[in-house]
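Undergrad: Below you will find the structure I want to go over with you.
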Amino acid sequence: MDAVDRLWYSAKDATNALLRDLERDFALKDLGDLHYFLGIEVKRSRDGLLLSQQRYATDVVQRAGMGKCKPINTPLATSEKLSAIDGVKLGPDDATRFRSVVGALQYLTLTRHDISFSVNKVCQILHQPTTMHWSAVKRILRYVQGTLNLGLKVRPSQSMMVSAFSDADWAGCPDDRRSTGGFAVFLGCNLVSWCAKKQPTVSRSSTEAEYKALANATAEVMWIQKLLDELGVQHPRAARLWCDNIGAKYLSANPVFHARTKHIEIDFHFVRERVAQKLLEIHFINSADQLADGFIKPLVAAKVEEFRNNLNLVAG
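Residue 328, in our numbering, is where the sequence shown stops; the numbers in between run on with no holes.
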């Protein structure tokens, strides 16, 4: 029996013991294996689980009146830079509808990380949506309509290594020149956490933007490691983080750079401390191999498909 099997049997025994304890005080009914919960469908197969929101996504598209729309293969155009001032301001009723659809799409990102960046972009202009922003939302819906059967695959893994990929798009916002940072965190071969988020301050260099994204990924890695420790799951002590900015990698390991980085001093010390304690290894990765690329910018169709495959989003 390998480590994965032992972990599974241990979890099953713990679940049965918990149910027996609860039955002493409460009327319970064991519904068996999980199939559907809060809009998330769980499909079991010989090689793992598939988490999907196909029914929920179908409902969102239909409620938006786009059930018969023509599908498209990318959620955002690579040539398009959404700005807060583009287009004509929507009326009160249309603005309310816009916010309702965007909120529904935000919940869809629980299993559909391929729309995380595009949904994040339209979330930034909820206060004053325009016709251009509504067109961007309709494009996302057209993409969802063509990919309703996609879900997040979870497979048995021999490794319990926590690893992450972080990336940033320096000064990508045309309105305030703030950067967008993103990361993907894996436990073994399985994607367990991801993020696409606009950074709260303007970065003065691409290295600074990358380092902020790296610090956010480090915080998420720490949280996952602590969760594994509390659950009693054995895992390698040092996590591994990949970034495609050589300057950010040098900053994490070389304190000589400190004099030039006072404007990111907290992030510097936060990451540097983990590296010095040998709890985090930071490695350089070529931009062409960066798995978090789809969290920081729109991609062409071929790259979108590659992004989905690399992050375990498959058809069910």
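Quick reminder that beta carbons are idealized off the backbone N, C-alpha and C, glycines included.
This one's a predicted model, so the numbers in the text were calculated from it and none came from an experiment.
Alpha carbon to alpha carbon, what distance is there between SER175 and ILE294?
TA: 10 Å
Undergrad: Could you spell out where the alpha helix (DSSP H) holding ILE236 opens and where it closes?
TA: Residues 218 to 242.
Undergrad: Over what stretch of residues does the beta strand (DSSP E) that includes HIS295 continue unbroken?
TA: 292 to 296
Undergrad: So does the stretch 102 to 119 actually touch the stretch 167 to 187, counting three or more Cβ pairs closer than 8 Å?
TA: Contact fails: fewer than three Cβ-Cβ distances are below 8 Å.
Undergrad: Under the rule that 16 or more other beta-carbon atoms within 10 Å means buried, what is VAL233, buried or exposed?
TA: With at least 16 other beta carbons inside 10 angstroms of its own, VAL233 counts as buried.
Undergrad: Tell me the DSSP secondary structure of ALA300 in three-state form.
TA: The three-state secondary structure of ALA300, taken from DSSP, is helix.
Undergrad: Take LEU43 as the anchor and find which of VAL197, PHE307, ASN28, PRO248 has the nearest alpha-carbon.
TA: ASN28
Undergrad: By DSSP, does ILE258 sit in helix, in strand, or in coil?
TA: If DSSP states are grouped into helix, strand and coil, ILE258 belongs with the helices.
Undergrad: For ARG114, which residues from the same chain have a beta carbon less than 8 Å from its beta carbon, with the 5 sequence-adjacent residues on both sides left out?
TA: Checking the sequence shown, residue 114 turns out to be Val, not Arg. Result list for VAL114: VAL131, VAL134, CYS135, LEU138, VAL149, in chain order.
Undergrad: Reducing DSSP to helix, strand and coil, say where LYS80 ends up.
TA: Here LYS80 sits in coil by DSSP.
Undergrad: Helix, strand or coil for ALA154 per DSSP?
TA: Note on residue identity: the sequence assigns Arg, not Ala, to residue 154. Helix.
Undergrad: Which stretch, first to last residue, makes up the alpha helix (DSSP H) that contains CYS322?
TA: Sequence inspection shows Asn at residue 322; the Cys mentioned does not correspond to that position. Element bounds for ASN322: 313 to 322.
Undergrad: Give the secondary structure of LYS24 by DSSP, where H, G and I count as helix, E and B as strand, and everything else as coil.
TA: DSSP, read as helix, strand or coil, puts LYS24 in helix.
Undergrad: How about ALA89 and ARG189: do their beta carbons lie closer than 9 Å?
TA: Against a cut-off of 9 Å, the Cβ pair of ARG189 and ALA89 comes out as no contact.
Undergrad: Any chance the stretch 241 to 248 sits against the stretch 210 to 229, with 3 or more Cβ pairs inside 8 Å?
TA: no
Undergrad: What first and last residue would you give for the beta strand (DSSP E) that runs through PHE177?
TA: 174 to 181
Undergrad: Along the chain, where does the alpha helix (DSSP H) that runs through CYS201 open and close?
TA: Premise fails: CYS201 is in no alpha helix (DSSP H) and is neither H nor E.
Undergrad: When you compare only the Cα positions, how much space is there between LEU61 and LYS309?
TA: 29 Å
Undergrad: Please report how far the alpha carbon of LYS210 lies from the alpha carbon of ASP59, in whole angstroms.
TA: 36 Å
Undergrad: Apply the 10 Å Cβ neighbour rule to ALA271 and answer buried if 16 or more other Cβ atoms are within range, or exposed otherwise.
TA: Low confidence applies here, because ALA271 scores a pLDDT of 49, under 50, leaving its location unreliable and the question unanswered by this model.
Undergrad: Which same chain residues, not among the five before or five after PRO141, have their C-beta less than 7 Å away from its C-beta?
TA: Cβ neighbours of PRO141 within its own chain (closer than 7 Å, five residues either side excluded): LEU102, ALA107, PHE110.
Undergrad: Would LYS165 be called buried (16 or more neighbouring beta carbons within 10 Å of its own) or exposed?
TA: buried
Undergrad: Go to SER95, then tell me how far its alpha helix (DSSP H) extends in each direction, as first and last residue.
TA: Counting along the chain, no alpha helix (DSSP H) covers SER95, and no H or E run does either.
Undergrad: Exposed or buried, what is ARG124 when buried is set at 16 or more other beta-carbons lying within 10 Å of its beta-carbon?
TA: buried
Undergrad: Go through its chain and collect everything with a Cβ distance to ARG320's Cβ below 6 Å, but skip five positions before and after it.
TA: ASP126
Undergrad: Could you tell me which residues DSSP puts in a beta bridge with ARG252?
TA: SER175, GLU293
Undergrad: Short of 6 Å in beta carbon distance, which residues of its chain neighbour ALA313, apart from the five on each side in sequence? Order them along the chain.
TA: Counting only Cβ-Cβ distances below 6 Å, and skipping sequence neighbours, we find ASN85, THR86.
Undergrad: Expressed to the nearest angstrom, what Euclidean distance is found between the alpha-carbon atoms of ALA183 and ALA76?
TA: It is roughly 32 Å from the alpha-carbon of ALA183 to the alpha-carbon of ALA76.
Undergrad: Measuring only the C-alpha atoms, how far is MET173 from MET144?
TA: 43 Å
Undergrad: Please classify TYR155 as buried or exposed, where buried requires at least 16 other C-beta atoms within 10 Å of its C-beta.
TA: It counts as buried.
Undergrad: Helix, strand or coil for LEU30? Go by DSSP, reduced to three states.
TA: In this structure, LEU30 counts as helix in the three-state DSSP scheme.
Undergrad: Strictly by DSSP, which residues pair up with ARG56?
TA: Partner(s): LEU61.
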